[in-house]
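Numbering follows full-length UniProt numbering, in which position 12 of the sequence shown is assigned residue number 12; successive positions increment by one, without gaps.
We treat Cβ as the ideally placed atom computed from N, Cα and C, and that holds for glycine.
Owing to the predicted nature of the structure, the values given are computational and were not obtained by experimental measurement.
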Amino acid sequence: MKMTFSPNFYRTFFAVLSVCFLAGCFGKSVELPELAEVHGTVSIQGKPAKLIMVVFQPEAGGVASRGTTDADGKYSLRYGANGTGALFGKHQVRFSIADPEGNSTELPEKYSLDDASISVEVTSESPNEFDFELSD
1 MKMTFSPNFY RTFFAVLSVC FLAGCFGKSV ELPELAEVHG TVSIQGKPAK
51 LIMVVFQPEA GGVASRGTTD ADGKYSLRYG ANGTGALFGK HQVRFSIADP
101 EGNSTELPEK YSLDDASISV EVTSESPNEF DFELSD
């Protein structure tokens, strides 16, 4: 006995299969590690530093947190796409110019992304506020 299926059966079958596939791919939320809120200011030669990327790289390894300063030199760190803050523990702090138009923010070379000269510790006790005065 030969089984035959109508075109509607195949359409329904593939529609249900597609919904199950998409639910499996997008139905799970990514679980973030425990994070501490981190913010502060960056100034260069005593003036607020605008459009400076601040990077906290965990010394124990893991994903770095990043933030960009506003016109007042203030930043708040983000962890990945959905997290706010940074992992607990010691971090090397690096800075780079985040202005895509290349405006004249002079960043002292010793604070560049290649030279981790500042170390801070993010703790479970608030506030984790780190202000940086960058000078030559």
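Check your understanding: Nearest-angstrom Cα distance between Ile44 and Pro33?
Key -> Distance between the alpha carbons of Ile44 and Pro33 is about 33 Å.
Practice item. Give the DSSP bridge partners of Asn128, in chain order. Key: Val38, per the DSSP bridge assignment.
Practice item. Enumerate, from N- to C-terminal direction, the unbroken beta strand (DSSP E) stretches of 3 or more residues contained entirely within the stretch 52-96. Key: Listed in chain order, they are 52-58, 65-68 and 74-76.
Check your understanding: Expressed to the nearest angstrom, what Euclidean distance is found between the alpha-carbon atoms of Asp72 and Thr41?
Key -> Straight-line spacing of the CA atoms in Asp72 and Thr41 works out to 8 Å.
**Study point:** Ser119 - containing beta strand (DSSP E), residue span
**Key:** Per DSSP, the unbroken beta strand (DSSP E) holding Ser119 starts and ends at Ile118 to Val122.
**Study point:** Sub-8 Å separation of Val38 and Ser65 beta-carbons
**Key:** Result yes, Cβ atoms of Val38 and Ser65 sit closer than 8 Å.
Check your understanding: Under a three-way DSSP split, which group does Glu31 fall into?
Key -> Coil at Glu31, not helix or strand.
Review point. Would Gly85 pass as a contact of Ala49 if the rule is Cβ separation under 8 Å?
Key: Contact flag unset, no.
Practice item. With DSSP as the reference, label Lys110 as helix, strand or coil. Key: Look at Lys110 here: in three-state DSSP terms it is helix.
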